[in-house]
Amino acid sequence: MNTSYQEYDHEYTFKFILVGNSNSGKTSLLQYFIKQHANTKIQQTVGVEFSSKSIDYKDKKIKLQIWDTAGQERFRSIARAYFKNTIGAIVVYDVTCQDSFHSLGDWIKDSRENGKSDLDIIVVANKIDLKDQRIVDKDYAQSQLLNKDVLYIETSAKTGENVDLCFQTLIDQIFTKIDKGQIQKDEFYPQSKNLLTKNLTIKINNPETQNQKCNC
């Protein structure tokens with residue numbers, strides 16, 4: 000099919016979703032990626048927040064539409080609704096919190112059950128700048144994820160270490176599948192000028208305070 004995309008400022012649109020326990024640093028990770036600097040005044044996500052970013056990837060222009068979901072159990076059903084047409088899931092845990100790591104299995108299961116059949120998942124071990132507080136060892140984490148068919152990376156949303164690489168790794172995996180013919184690239188062509196382009200927050204009543212601690 001020959002279609003002209005000159006009216007768009009990008010060739011592909013990828014939809015990603017961030018999931019994981021509260022206080023794992025999902026929003027901080029996303030905001031560092033979007034703004035390229037740390038934000039110390041981030042409030043805890045209540046409901047779902049949307050961001051987008053256009054990037055140059057090799058010789059391609061890509062628009063990323065990224066949904067950042069609240070990690071509280073009572074928002075799980077809401078988060079599941081935003082997996083539709085998602086090609087990449089970023090599952091974040093806090094290396095200083097054992098509970099955060101132990102919840103990975105549930106988040107990966109949610110991603111598999113609610114995302115596309117060809118969904119790619121990257122597990123992000125966040126807050127690696129907190130070396131003295133680290134509880135979940137890298138080797139242990141990777142050994143536990145061997146049979147999960149997921150990508151793995153360690154990041155710091157405070158220093159920016161590997162934040163861009165996290166998203167690049169997921170994009171690399173998608174294009175590898177496209178090149179192998181495992182998924183069709185026309186799935187990701189821009190379909191409408193009305194695609195979301197601005198930051199959006201969908202809030203739910205009864206927000207929890209930002210200072211909620213990890214139950215480690």
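In terms of numbering that gives the first Met the number 0, the sequence shown is residues 0 to 215.
All residues carry an ideal CB built from backbone N, CA and C; glycine is no exception.
Query raised in the report: Do the CB positions of G284 and D136 come within less than 8 Å of each other?
Result: The structure shown has nothing for residue 284, since the chain only spans 0 to 215.
Between which two residues does the beta strand (DSSP E) harbouring I86 extend? Here residue 86 corresponds to residue number 87 of the sequence shown, with the count starting at 1. Unbroken run through I86: none, as it is neither H nor E.
Excluding the 5 residues preceding and the 5 following D148 in the sequence, name in chain order all residues of the same chain whose CB lies nearer than 8 Å to its CB.
As a working note, residue 148 is residue 149 in the sequence shown. Only I120 meet the Cβ criterion.
Which residues in the same chain as S102 place their Cβ atom closer than 8 Å to its Cβ, once the five residues preceding and following it in sequence are excluded? Residue 102 sits at position 103 when you count from the first residue of the sequence shown. Within its own chain, the residues whose Cβ lies closer than 8 Å to the Cβ of S102, once the five positions on either side in sequence are excluded, are G19, N20, Y92, listed in chain order.
| field | Buried versus exposed call for E48 [16 or more other C-beta atoms within 10 Å across all chains shown] | value | Stepping through the sequence shown from its first residue, residue 48 is reached at position 49. Classification of E48: buried, given that the 10 Å Cβ count is 16 or more.
Check: Mind checking H36: buried by the 16 CB within 10 Å criterion, or exposed?
Finding: In the sequence shown, the residue the question calls residue 36 occupies position 37. Looking at its Cβ environment, which holds fewer than 16 other Cβ atoms inside 10 Å, H36 is exposed.
task = Decide if the stretch 106-115 is in contact with the stretch 23-43; the criterion is three or more beta carbon pairs, one per stretch, under 8 Å apart.
result = The stretch 106-115 and the stretch 23-43 do not touch, with fewer than 3 CB-CB distances between them shorter than 8 Å.
What does the alpha-carbon distance come out to for the pair K59 and S53? For the purposes of this step, residue 59 is taken as the residue at position 60 of the sequence shown. For the purposes of this step, residue 53 is taken as the residue at position 54 of the sequence shown. Distance between the alpha carbons of K59 and S53 is about 11 Å.
- Could you check which residue in F15, D55, D138, D117 has the C-alpha nearest to that of H9? Taking the sequence shown and counting its residues from 1, one reaches residue 9 at position 10. The candidate whose alpha carbon is nearest that of H9 is D55.
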